[in-house]
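What follows is a single structure, written as structure tokens, with notes after it.
Protein chains: 2
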Amino acid sequence: MTPPASGSDTVTAALLIIGDEILSGRTHDKNLPYLGRRLNELGVRLAEVRVVADDRAAIVEAVNAMRARHQYLFTTGGIGPTHDDITADCIAEALDRKLIENPQARAVLDARYGPEGLTPGRLRMARTPEGAEIVENPVSKVPGFKIGNVYVLAGIPEVMQGMFESLSHELVGGPPLLSATVVAALPEGDLAQPLGELQARFPDVGMGSYPFFGQHRYGASLVLRATDRDRLLAARAELIEMVRAMGAEPEIGDDPA
Amino acid sequence: MTPPASGSDTVTAALLIIGDEILSGRTHDKNLPYLGRRLNELGVRLAEVRVVADDRAAIVEAVNAMRARHQYLFTTGGIGPTHDDITADCIAEALDRKLIENPQARAVLDARYGPEGLTPGRLRMARTPEGAEIVENPVSKVPGFKIGNVYVLAGIPEVMQGMFESLSHELVGGPPLLSATVVAALPEGDLAQPLGELQARFPDVGMGSYPFFGQHRYGASLVLRATDRDRLLAARAELIEMVRAMGAEPEIGDDPA
Numbered sequence: 002m003t004p005p006a007s008g009s010d011t012v013t014a015a016l017l018i019i020g021d022e023i024l025s026g027r028t029h030d031k032n033l034p035y036l037g038r039r040l041n042e043l044g045v046r047l048a049e050v051r052v053v054a055d056d057r058a059a060i061v062e063a064v065n066a067m068r069a070r071h072q073y074l075f076t077t078g079g080i081g082p083t084h085d086d087i088t089a090d091c092i093a094e095a096l097d098r099k100l101i102e103n104p105q106a107r108a109v110l111d112a113r114y115g116p117e118g119l120t121p122g123r124l125r126m127a128r129t130p131e132g133a134e135i136v137e138n139p140v141s142k143v144p145g146f147k148i149g150n151v152y153v154l155a156g157i158p159e160v161m162q163g164m165f166e167s168l169s170h171e172l173v174g175g176p177p178l179l180s181a182t183v184v185a186a187l188p189e190g191d192l193a194q195p196l197g198e199l200q201a202r203f204p205d206v207g208m209g210s211y212p213f214f215g216q217h218r219y220g221a222s223l224v225l226r227a228t229d230r231d232r233l234l235a236a237r238a239e240l241i242e243m244v245r246a247m248g249a250e251p252e253i254g255d256d257p258a
Numbered sequence: 002m003t004p005p006a007s008g009s010d011t012v013t014a015a016l017l018i019i020g021d022e023i024l025s026g027r028t029h030d031k032n033l034p035y036l037g038r039r040l041n042e043l044g045v046r047l048a049e050v051r052v053v054a055d056d057r058a059a060i061v062e063a064v065n066a067m068r069a070r071h072q073y074l075f076t077t078g079g080i081g082p083t084h085d086d087i088t089a090d091c092i093a094e095a096l097d098r099k100l101i102e103n104p105q106a107r108a109v110l111d112a113r114y115g116p117e118g119l120t121p122g123r124l125r126m127a128r129t130p131e132g133a134e135i136v137e138n139p140v141s142k143v144p145g146f147k148i149g150n151v152y153v154l155a156g157i158p159e160v161m162q163g164m165f166e167s168l169s170h171e172l173v174g175g176p177p178l179l180s181a182t183v184v185a186a187l188p189e190g191d192l193a194q195p196l197g198e199l200q201a202r203f204p205d206v207g208m209g210s211y212p213f214f215g216q217h218r219y220g221a222s223l224v225l226r227a228t229d230r231d232r233l234l235a236a237r238a239e240l241i242e243m244v245r246a247m248g249a250e251p252e253i254g255d256d257p258a
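These protein sequences, in sequence, are chains A and B. Each residue of the first sequence is one higher than the one before, counting from 2 in our numbering. Each residue of the second sequence is one higher than the one before, counting from 2 in our numbering.
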């Protein structure tokens with residue numbers, strides 16, 4: 002999809018997914034789609050994602066590249082109790098802060114595990130860069146943290162989602178991107194030219210074409226995205242006419258909301 | 002997981018996923034897990050993944066950063082017939098080559114669509130950087146292409162997989178990373194310290210801990226990875242003893258193969 006022209010009010014975010022288990026194909030990431038959808042509802046556009054191994058140099062480099070370019074950076078993974086959980090160390094290094102035992106985090110862990118249960122491994126989970134604030138974890142208590150524009154969240158999807166919802170009120174978004182979908186049972190190769198012409202007339206409405214093949218049908222989902230509802234509806238009306246003129250009855254999907 | 006010490010014989014690859022529809026959460030990527038697993042079987046480690054929007058500057062920058070660092074770069078998405086399919090243009094720009102009508106690709110499209118079906122949109126799919134070779138598409142014919150160490154593949158998973166399998170014989174890998182899994186019904190916070198000690202004694206065996214929570218059980222999957230089968234088995238034997246010494250009966254997963 003051609004992105005709609007981004008105004009200076011566009012707020013963007015990046016996501017850094019940390020973990021060998023994602024790169025090996027063993028674990029399928031579910032955090033990207035969740036964050037992409039939820040951020041957009043809040044007026045924040047997920048603009049870049051990276052996946053790196055549990056490797057210190059790779060994490061530090063990605064954190065610094067991404068936090069400089071976007072209003073928000075979220076990381077997922079690597080904040081558990083074991084030796085391979087090195088995210089806090091890497092964030093401290095990237096931001097050039099000391100790694101400390103965070104008193105807020107320590108208090109949560111004390112309450113959660115008690116003096117006997119607080120093993121050296123679990124105590125690792127109290128470490129944050131100096132100056133970080135904790136992000137509450139309504140699912141399993143052990144918190145994430147936030148420092149500057151970097152939010153450090155868990156990798157387990159249920160926990161990540163809980164943490165995200167507990168911080169989401171802090172995010173300041175721009176106008177959310179509205180979308181409208183028109184499904185056409187036509188070959189994408191036939192749609193390409195008229196769709197490109199329509200795009201040229203609506204530079205402020207992003208238009209994407211996503212072909213599908215099934216056993217009994219094929220065609221393309223044509224997705225329009227814009228921050229201006231009237232322009233979105235105007236483009237959709239023309240798109241519907243375009244598809245009809247090509248001899249197919251369009252299916253009209255999710256209403257712009 | 003702490004990556005096993007990488008020798009100079011480690012072959013790495015990167016994956017660039019191109020498409021707004023992935024970033025918006027609308028489409029869930031399935032290509033990363035497939036490529037991560039298949040590359041590893043071929044002795045190639047997927048070391049870095051990025052997801053970018055259908056945005057020319059973002060694609061060009063990512064292509065140049067990633068192709069310089071890894072033996073192989075794969076891209077997925079953006080090679081269809083519509084105006085938002087700009088991957089070929091971006092690869093040409095990144096590699097500073099002219100974008101041409103590729104005669105091999107044109108021949109495939111002629112055979113697939115015939116003179117009447119070859120719309121201007123479909124003809125876009127014959128464009129590659131000068132000097133590129135096509136990658137066969139056994140699923141829907143329209144080819145991908147390869148130039149230098151960059152392989153440009155489709156985004157639709159079935160098509161991407163077909164293209165990958167048709168090029169996989171070209172890849173020259175190092176020794177594949179073998180893995181072994183031991184599942185322990187123990188809290189990760191208790192496992193952390195002895196596992197860290199085991200890791201310290203086996204620097205050549207990567208050890209990762211992936212906690213899980215279910216309604217009726219919880220624990221951690223402990224995953225060992227190494228290129229040396231004997232060292233992997235030695236580490237696994239010690240890990241099994243470690244879990245038993247902690248009072249749990251380990252479940253032993255996939256055998257190293």
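Even glycine gets a Cβ: it sits at the ideal position worked out from N, Cα and C.
Quick check on the burial criterion: 16 or more other C-beta atoms within 10 angstroms. Buried or exposed for residue i?
i	result
Asp10(A)	exposed
His170(B)	exposed
Phe146(A)	buried
Ile253(B)	exposed
Gly248(B)	exposed
His217(B)	exposed
Asp97(A)	exposed
Thr228(B)	buried
Phe203(A)	buried
Pro139(A)	exposed
Arg128(B)	buried
Thr3(B)	Unreliable positioning characterises Thr3(B) in this predicted model, as indicated by a pLDDT of 48, which lies under 50. The coordinate reading is nonetheless provided below. Answer is buried; the Cβ neighbour count reaches 16.
Arg70(B)	exposed
Gly156(A)	buried
Val173(B)	exposed
Going along chain A, which residues have a C-beta under 9 Å from residue i?
i	result
Ser210(B)	Gly81, Pro82, Thr83, His84, Asp85, Asp86
Does residue i come out as helix, strand or coil in the three-state DSSP assignment?
i	result
Ala54(B)	coil
Glu252(A)	strand
Arg128(A)	strand
Asn138(B)	strand
Ile148(A)	strand
Leu119(A)	coil
Ile241(B)	helix
Ala235(B)	helix
Ala246(A)	helix
Ile157(A)	coil
Arg39(B)	helix
Thr3(A)	Note that Thr3(A) scores a pLDDT of 48, beneath 50, so its modelled location is shaky; the value from the coordinates is reported in the next line. If DSSP states are grouped into helix, strand and coil, Thr3(A) belongs with coil.
Measuring alpha carbon to alpha carbon, tell me which of the options ends up nearest residue i.
i	options	result
Arg226(B)	Val183(B), Ala246(B), Gly118(B)	Val183(B)
Thr77(A)	Arg68(A), Val52(A), Asp85(A), His71(A)	Val52(A)
Leu24(A)	Ile23(B), Ala15(B), Ile19(B), Ser25(B)	Ala15(B)
Glu198(B)	Leu179(B), Phe213(B), Glu239(B)	Glu239(B)
Lys142(A)	Tyr152(A), Pro130(A), Gly118(A), Ala106(A)	Ala106(A)
Leu110(B)	Thr88(B), Leu100(B), Gly81(B)	Gly81(B)
Val206(B)	Leu196(B), His84(B), Leu36(B)	Leu196(B)
Ala181(A)	Thr120(A), Arg245(A), Met67(A), Ala235(A)	Ala235(A)
Gly220(A)	Pro251(A), Ile241(A), Met243(A)	Pro251(A)
Arg125(A)	Ala58(A), Asp56(A), Pro144(A), Glu137(A)	Pro144(A)
Glu159(B)	Ala108(B), Thr13(B), Asp21(B), Asn32(B)	Asn32(B)
Thr120(B)	Phe213(B), Thr83(B), Ile241(B), Ala186(B)	Thr83(B)
Arg187(A)	Thr28(B), Gly118(B), Ala48(B), Gly190(B)	It should be pointed out that residue 187(A) corresponds to Leu in this sequence rather than to Arg. Minimum Cα distance to Leu187(A) is reached at Gly118(B).
Lys99(B)	Ala58(B), Ile148(B), Glu189(B)	Ile148(B)
Using a cut-off of 7 Å between C-beta atoms, extract the partners of residue i located in chain B.
i	result
Leu47(A)	Leu24
Given that residue i touches chain B, what residues does it touch there, using C-beta distances under 9 Å?
i	result
Arg123(A)	Pro188, Glu189, Gly190, Asp191, Ala193
Val153(A)	Result: empty, since nearest Cβ-Cβ is about 17 Å, beyond 9 Å.
Arg38(A)	Ser25, Gly26, Arg27
For a contact meaning CB atoms closer than 8 Å, what does residue i contact in chain B?
i	result
Tyr35(A)	Gly26
Gly197(A)	Thr83, His84, Gly122
Going along chain A in order, which residues have a C-beta closer than 7 Å to the C-beta of residue i?
i	result
His29(B)	Pro34
Val53(B)	Glu49
Asp205(B)	Within chain A, no residue comes near Asp205(B); the closest Cβ sits about 15 Å away, beyond 7 Å.
Could you work out which residues of chain A lie near residue i, taking near to mean beta carbons separated by less than 8 Å?
i	result
Ala127(B)	Residues of chain A passing the Cβ test: none, with the nearest at roughly 12 Å.
- prompt: Residue ranges of each alpha helix (DSSP H) run of no fewer than 4 residues wholly in the stretch 50-114 of chain A, ordered along the chain?
  reply: For the stretch 50-114 of chain A, whole alpha helix (DSSP H) runs of length 4 or above, ordered along the chain, are 57-70, 88-96.
task: Write down every uninterrupted run of the beta strand (DSSP E) in the stretch 164-229 of chain A whose length is 3 residues or greater and which is fully enclosed by it, in chain order.
output: 179-185, 207-214, 219-227
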